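Working notes, beginning with the structure itself.
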Amino acid sequence: MPSVENHPTDSISLAKQHLLRAIVQSKTKPYLPVWGELFTALRDIAKTGRQRRENIRLYLLQPTGSLWYLHKEDCFHADLPDPGISISLSQEQLIDALLKGSFSPKTPAS
């Protein structure tokens, strides 16, 4: 079986899944600590983006927009087209915002 390191797309997919699981867990089980899981997932996504020199879309936002990692700026970026707002965040700022319920991922049913 090939290792995950040989397939960068797989490592990004795994990091995104890890991130989404941690976000859901922070909402469904707020008594469990998830800061470290969010940090690890975001660090892995940022590291891959820097290595590959490309922007990475993390997920679509609820109700509209998307959350990105921008490699040139080395920051996370929430693009909210409906009100026309763009927000750049450091990794720590994004984690704090996610724990407060901001930038929720779009659910498959929506």
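Counted the way the working numbering counts, the sequence shown spans residues 1366 to 1475.
Virtual Cβ for every residue (Gly too), placed ideally from N, Cα, C.
Computed from a predicted structure; not experimentally measured.
According to DSSP, residues forming a beta bridge with Arg1417: When beta bridges are read from the DSSP output, Arg1417 appears opposite no residue.
Limits of the beta strand (DSSP E) - the one that Leu1435 falls within: Where Leu1435 is concerned, the enclosing beta strand (DSSP E) stretches over 1431-1435.
CA-to-CA distance, Thr1413 to His1481, given in whole angstroms: Outside the shown range of the chain, which is 1366 to 1475, sits residue 1481, and nothing can be said about it.
Proximal residues to Leu1435 (C-beta, below 7 angstroms), its chain only, five neighbours per side dropped: So the list reads Asn1420, His1442, once near-sequence residues are dropped.
Residue span of the beta strand (DSSP E) that contains Asp1444, given as start and end: Looking at the DSSP string, the run of the beta strand (DSSP E) that includes Asp1444 is 1440-1445.
Ile1377, buried or exposed, once every other Cβ within 10 Å from all chains shown has been counted against 16: Burial state of Ile1377 is buried, judged by a 10 Å Cβ sphere holding 16 or more other Cβ atoms.
Leu1423, DSSP secondary structure in three states: The answer is strand: DSSP assigns Leu1423 an E or B state.
Ser1467 versus Pro1428: straight-line alpha-carbon distance, rounded: So the alpha carbons of these two residues sit roughly 12 angstroms apart.
Contacting residues, own chain, Cβ-Cβ under 8 angstroms from Ala1406 (five flanking each side not counted): Around Ala1406: Ala1380, Lys1381, His1383, Leu1384, Ala1387.
Option in Leu1454, Tyr1424, Glu1457, Asp1444 with minimal Cα separation from Thr1472: When C-alpha distances from Thr1472 are compared across Leu1454, Tyr1424, Glu1457, Asp1444, the shortest belongs to Tyr1424.
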